[in-house]
Amino acid sequence: MARLTVERSSSAPAVAPAVAPAVAPCSAPGTAGSGRGARAGWLTVLGLVLVPVVLAASFVWALWRPADDLERVRAAVVNLDVPATVDGQTAPLGRQLVAALTAGTGTGTGTGGTGTGTGTGGTGTGTDGGEDRSDLDWTLTDAETAAAGLQDGTYAAAVTIPEGFSTAATSLAGEDPAAVTAATLEVITSPASAVADAVVARAVSDAAAAALADQVTTTYVENVHIGLSTLSDGLQQSADGATALEEGTSQLAAGLAGASAGSDRLVVGLGDLADGTAELAGGSSALASGAARSAEGAAALADGLEQLRAGTGELPGHTEQLAVGAAGVASGAADLHESLGGLGDGLQEAAGGLAALPGAAADLSAGSAQVQDGATAVAGGASSLADGLAQAVSACQAQPGADCSQLSSLATSAAGLDDAAAEVAAGAGAVAGGADALAAGARPAVDGVSAAAEGARQASAGAGALAQGAQQVADGTSALAASAPALAQGVAASADGARPLTEGTAELARGAQALASGAADLQQGTEHAAGGARELAEGTEQLQAGATGVDDGAARLAQGLYQSADAVPSLDEDERATVAAVAAEPVRTTTGADASAGIGAAYLTALALGVSALVVFLLLAAVPARAVSSSAGSVRLALRSFAPAAGVAAAQAVLLTGVLQVVLDLDGGAVLRLAGLLLLAGLALSAVNQALVAAAGGIGRFASLVVLAVSAPAALVSTTPPALATLFAATPLAPVLDGVRAVVTGSGGAGGDAAALLAWTAGALLVTVLAIARTRSVRPSHLRRLAAA
């Protein structure tokens with residue numbers, strides 16, 4: 017269909033005034049007067065109704081259950097960790113954290129079961145027991161690839177696990193408090209990702225770190241309780257050692273009591289032994305007294321024999337006395353025989369009593385020596401008598417005609433008496449020898465006493481022989497009674513001297529009896545002492561056992577206390593603070609290059625520019641009101657309508673640049689680049705809105721609103737549906753957002769976005785020019801209707 021284009025030219029100056037009034041009421045949708053004073057049509061009402069619906073629908077569609085679509089958000093994980101070794105077990109916590117991230121487990125919470133975590137020395141990967149859900153699209157890569165992906169927006173964030181992560185995470189299980197340190201994770205967000213992507217990635221990585229931290233803390237608490245259990249065992253061992261020490265002390269006390277009782281009995285036995293010894297001493301004294309009296313008798317016998325010797329000098333005149341003395345000698349010898357027999361019997365009886373009394377043997381030896389001396393004296397007297405008789409015989413024979421036969425017979429008898437006295441001395445010597453043997457202890461006391469008794473019997477036999485010899489002398493001298501009275505007197509003196517000897521011997525017997533009694537008491541006391549000694553030995557054994565128990569108990573107590581002391585950590589104030597802080601937060605996250613502020617600022621700036629462009633052409637006409645009647649060309653008219661919006665865009669660029677410089681602390685070059693890019697963005701968005709309004713009027717304004725509704729949620733997070741993301745990429749807001757974000761975050765790549773904005777601006781202005789040109793054309797049919805009217 018043919019159109020009539022009204023253009024002012026020099027060849028038709030009168031056409032425009034005639035046509036203009038007819039065309040003005042049918043002005044284009046983008047003119048300033050198209051909606052003023054006119055009643056709103058049904059399309060306008062429908063558009064107003066659909067505005068909130070479109071906005072709500074776009075946001076609901078973009079943000080509906082974003083957690084179900086987290087796999088659309090890509091994140092990188094870089095594992096530089098070197099596994100640690102704890103108690104001989106390898107703890108690759110870095111690999112386990114990577115497995116938990118890439119498997120989508122170990123960081124969530126649920127109600128379907130209980131999770132099992134990774135301990136400081138364990139080897140398992142924790143899983144949550146909740147519902148099945150999706151997670152971020154984690155990719156295990158190296159540091160270079162992760163950095164490149166962050167730069168170009170491939171990854172929304174990158175989590176770097178440092179080299180000493182496992183060592184730091186397991187440091188709580190070590191023995192060196194100075195080595196305790198918190199494990200760190202470095203989270204770097206991408207400057208080219210959606211606004212919420214970095215926040216989501218950081219939240220997920222923080223949750224994974226928190227889950228691992230909970231597991232480390234749980235293991236630490238378990239190790240603390242294990243240490244307390246070990247301490248409890250050590251204290252229990254100490255208690256057992258104290259119990260053993262108490263038992264050993266009780267045994268020691270019992271042993272000491274037994275030793276005390278044994279000592280008491282030993283004291284009593286030793287007292288009895290002392291009493292027996294005293295009695296033994298008394299008996300020994302009596303024996304000594306008897307021996308002394310025997311010595312006195314022997315001395316008296318020596319005196320008598322001396323008198324006999326003196327008398328023999330006068331033998332011729334005292335033969336009668338000699339006869340009487342011989343008779344006395346015979347009588348004394350008989351008495352001596354009886355006394356020595358009694359002495360032998362007494363010594364034999366004393367042998368049994370002296371069996372346990374070696375000490376009394378010394379006294380017996382002394383007494384026997386005295387007896388021997390007495391017997392020796394008797395032998396000496398008998399020898400003197402024999403010598404005297406021999407001299408008398410010689411004197412008798414010297415007288416002519418004297419009858420010396422009787423005197424010779426008497427001398428012969430006196431010689432026999434001498435032999436008998438020698439036998440008595442020999443017997444006494446045997447007694448003395450036995451006593452000496454008893455005193456020296458070379459032989460048992462019983463043998464010594466028996467030998468003494470045998471000697472006494474021999475002495476008794478000798479005394480009998482002496483008595484017989486004396487009797488023969490008496491018989492021989494009876495004939496010489498008239499001539500030997502002196503001899504009789506000497507023999508009588510010998511008899512008188514023999515009587516004290518007999519009494520001494522009796523006293524010796526009584527002393528031996530007392531000595532036997534003392535020996536018996538000594539034996540009984542010794543038995544008591546032996547019994548006490550045995551009890552003392554038993555008590556000493558118990559004392560030794562108790563002491564051993566005390567020693568063992570003390571050793572166990574000391575060992576238990578040492579172990580308990582070793583099991584209790586000793587930390588200073590700084591170490592306690594460090595351990596407490598690490599135990600409370602064993603795994604921490606640090607932010608490397610955080611671009612979230614710049615991304616958010618770029619997002620809000622892009623939305624602000626889009627809203628501003630929409631509002632500008634709600635207030636300004638996209639097509640001049642006199643476009644039809646104007647003589648200017650369509651390009652000029654389009655630029656004239658675009659000029660106010662361009663001015664607004666320039667002013668906005670300056671203001672927004674100032675605000676962002678204050679907020680983000682941009683350097684000079686970034687400020688210039690940002691100002692230029694914001695100017696291009698304002699111009700492009702204004703041109704697009706002008707073109708939409710110029711081409712479609714109210715529908716164009718509605719389309720511009722739809723672009724904003726789609727762009728706002730689509731640029732917020734990468735979990736939006738792919739169709740919505742594709743629509744956003746086809747809008748002019750996409751290069752605006754990418755360019756501003758590149759400039760404020762310093763990531764680069766804003767040149768391409770600037771070129772895209774220039775293309776959008778040129779294309780939009782071209783559409784506006786075409787729309788104005790169409791407005792200025794009139795159909796022929798419309799002219800005919802006007803003419804007919």
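Take the sequence shown: its letters are residues 17 to 805, numbered as in this note's numbering.
All residues carry an ideal CB built from backbone N, CA and C; glycine is no exception.
Residue Asp-97 holds the alpha-carbon nearest to the alpha-carbon of Leu-113 among Asp-97, Ala-442, Gly-565, Thr-106.
Taking the Cα positions, Gly-698 is about 49 Å away from Ala-198. The shortest CA-to-CA distance from Ile-788 to any of Leu-708, Val-726, Ile-615, Asp-491 is the one to Leu-708.
For Val-203, the closest alpha carbon among the candidates Ala-174, Ser-187, Glu-179, Phe-181 is that of Ala-174. For Leu-749, same chain residues with a beta-carbon under 6 Å away, outside a window of 5 residues either side, are Ala-622, Gly-626, Ser-727 in chain order. Annotated as distal: Ala-703 and Thr-791, with beta-carbon spacing of 8 Å or more. Thr-170 carries a coil assignment under DSSP once its states are collapsed to helix, strand and coil. Closest by C-alpha distance to Gly-555, out of Leu-653, Asp-103, Ala-270, is Ala-270. Ala-91 counts as buried, since at least 16 other C-beta atoms from the protein chains shown sit within 10 angstroms of its C-beta. Val-93 counts as buried, since no fewer than 16 other beta carbons sit within 10 angstroms of its beta carbon. Linking Val-785 to Gly-779 through their CA atoms gives a straight-line distance of about 10 Å. Gly-110 is positioned such that its CB atom lies closer than 8 Å to that of Ser-182. Sequence-distant partners of Gly-765 (beyond 5 residues in either direction) whose C-beta falls short of 6 Å from its own C-beta, in its chain, are Ala-758.
Under the 10 Å beta carbon count, Trp-58 is surrounded by fewer than 16 other beta carbons and is classified as exposed. In this structure, DSSP gives Glu-160 a helical state, which the three-state scheme calls helix. In this structure, the beta-carbon distance from Val-687 to Val-664 does not fall below 8 Å. Look at Ser-763 here: in three-state DSSP terms it is coil, with no helix or strand label.
With a contact defined as Cβ atoms closer than 8 Å, Val-783 and Ala-711 qualify at about 6 Å. In this structure, the beta-carbon distance from Ser-657 to Ala-637 falls below 8 Å. Under the three-state reduction of DSSP output, Asp-435 falls in the helix class.
In this structure, the beta-carbon distance from Gln-488 to Gly-404 does not fall below 8 Å. DSSP, read as helix, strand or coil, puts Asp-256 in helix.
Cβ atoms of Ala-618 and Val-756 come within 8 Å of each other, at about 4 Å.
With contacts defined by Cβ atoms closer than 8 Å, Val-675 and Ala-691 do not form a contacting pair. With a contact defined as Cβ atoms closer than 8 Å, Ala-700 and Leu-773 qualify at about 4 Å. Ala-406 sits close to Ala-427, with the two beta carbons spaced by under 8 Å. For Ala-771, the closest of Leu-695, Leu-228, Ser-763, Thr-118 by C-alpha to C-alpha distance is Leu-695.
The DSSP-derived three-state label of Val-89 is coil. Residues Pro-99 of the same chain have their beta carbon placed closer than 7 Å to that of Thr-106, with the five preceding and five following residues left out of the count. In the structure shown, Glu-179 falls within a coil segment according to DSSP collapsed to helix, strand and coil. By the beta-carbon neighbour count (other beta carbons within 10 angstroms, threshold 16), Gln-558 is buried.
Taking 8 Å as the cut-off, the Cβ atoms of Leu-680 and Gly-614 count as close. Ser-400 sits buried, since 16 or more C-beta atoms from the chains shown fall within 10 Å of its C-beta. Gly-569 is not a Cβ neighbour of Gln-267, given a cutoff of 8 Å.
By the neighbour-count criterion, in which 16 or more other beta carbons inside 10 Å mark a residue as buried, Gln-413 falls on the exposed side. The beta carbon of Asn-95 is closer than 7 Å to those of Gly-110, Arg-111, Val-114, Leu-156, Ile-177 in its chain, skipping five residues each way along the sequence.
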